[in-house]
Each structure stands twice: as C-alpha cells, then as structure tokens.
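Each step along the sequence shown adds one to the number in the UniProt record's numbering, with nothing skipped, and position 109 is 109.
Encoded as structure tokens, the structure appears first; notes follow it.
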Amino acid sequence: MDTAAPDQALCRLDDIPDGGAIAVDAVLRDGEESVIVLRRKDAVHAYLNICPHAGRRLDWAPGKFLVKDNLLICAAHGASFQDVDGLCVGGPCRGEHLRAVGVRVTEGEVWLDD
Numbered sequence: 001m002d003t004a005a006p007d008q009a010l011c012r013l014d015d016i017p018d019g020g021a022i023a024v025d026a027v028l029r030d031g032e033e034s035v036i037v038l039r040r041k042d043a044v045h046a047y048l049n050i051c052p053h054a055g056r057r058l059d060w061a062p063g064k065f066l067v068k069d070n071l072l073i074c075a076a077h078g079a080s081f082q083d084v085d086g087l088c089v090g091g092p093c094r095g096e097h098l099r100a101v102g103v104r105v106t107e108g109e110v111w112l113d114d
C-alpha cells in the first residue's frame, strides 16, 4: 500500500477491480490512515478502513475485502455497508455509516479531494 497526501494520486482506477475494493495508506488531516477505495464502473467511493461497530479494520487480510452485491462486508463481525454511501444495512451497527473520504477520478487516477 502506497501512502498518498492531498494533491497526490491514491491509485489508478484500473488498480481497483470493477465491483471490488483495495486499501491504500493516505495522509489525511488526522494523520496517516488506511483508506478503502471501492469501484463500480467509473465511479469510486472511499472510506476509512474502520468499522463503526468495534473500531476494527474491515479487510480479511491486508488490503483484501469482501464485496458482494455492492455491499462491503466487515470481516470481523459481518456488518454490511452500501458501497455508494457507507450506510450499514446489516449487522451489529445497522444505521451507522463508514467515515467517507473525498476522492475524485481524473485522467484514470483516483485522487484525494481537498
């Protein structure tokens, strides 16, 4: 996982499988964080890699995520989050949201939004 800061690319769009997710380390206002970047066609959404239920990472192995039917599933307790808005629609933190990280796609690269 590479580290990115504002005005730097997090990854290339092609690095993210369509319908899947990857993790990148990014320097945010609060410091360095693991960020989940999800892709559906040319749209991307990004969230901190922290489950609101227990504060644990969502990946089952570093940078590896369970994504099925446009839902990101927390490997620790099975909470299911919509990829487009981070809303938990199933599991122990139903109704809560992942913390969004602003991103944009420019010329095939995913960038942090300031």
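Even glycine gets a Cβ: it sits at the ideal position worked out from N, Cα and C.
Within 10 angstroms of the beta-carbon of residue 111 lie 16 or more other beta-carbons, which makes it buried. Each residue's CA atom was taken as its position, placing residue 30 and residue 68 some 30 Å apart. Take residue 42, set aside five residues on each side of it, and the residues of its chain with a beta-carbon closer than 8 Å to its own are 13, 105, in chain order. Spanning the alpha carbons of residue 89 and residue 79 requires a straight line of approximately 8 Å. Scanning 53, 27, 49, 9 for the CA closest to the CA of residue 95 turns up 53.
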